[in-house]
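Participant: Numbering (the working numbering), first residue to last: 90 to 161.
(1) Quick one: Cα of residue 186 to Cα of residue 121, how far?
(2) Is the shortest distance between the beta-carbon of residue 110 and the beta-carbons of chain C less than 8 Å?
(3) Compute the distance between the beta-carbons of residue 60 and residue 153, then report whether it is under 8 Å.
(4) For residue 142, write down the residues that DSSP places opposite it in a beta bridge.
(5) Here's a check: name, in chain order, each residue in its chain whose Cβ is nearer than 6 Å to the Cβ of residue 156, leaving out the five neighbours to either side.
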């Protein structure tokens with residue numbers, strides 16, 4: 090049980106550290122809608138899937154935006 094507690098503490102400290110990261114992110118207004126992707130999460134369906142390009146720290150990166158419907 091002590092090991093699990095230390096893992097959870099590490100996760101929380103990592104998440105709190107990530108909250109303080111300040112990367113310059115530029116997201117373009119234009120995205121392209123594609124056929125909805127599938128998910129293997131029980132009870133969740135994908136309504137809409139879009140692909141776009143964001144500029145993070147001066148480098149262009151593709152991203153996928155999914156609109157999900159359902160309950161976990």
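Every residue gets a Cβ at the ideal spot worked out from N, C-alpha and C, and that includes glycine. Keep in mind that this is a model prediction, so the values were computed, not measured.
Facilitator: Reading off the structure:
(1) Only positions 90 to 161 of the chain appear in this structure, which leaves residue 186 out of reach.
(2) This model lacks chain C altogether, as it is built from one protein chain only.
(3) Summary: the structure shown does not reach residue 60, with the chain confined to residues 90 through 161, and so no result is reported for it.
(4) Taking the first residue of the chain shown as position 1, residue 142 is located at position 53. Answer by DSSP bridge pairing, in chain order: 151.
(5) Your numbering for residue 156 matches position 67 in the chain shown. Around residue 156: 136 and 137.
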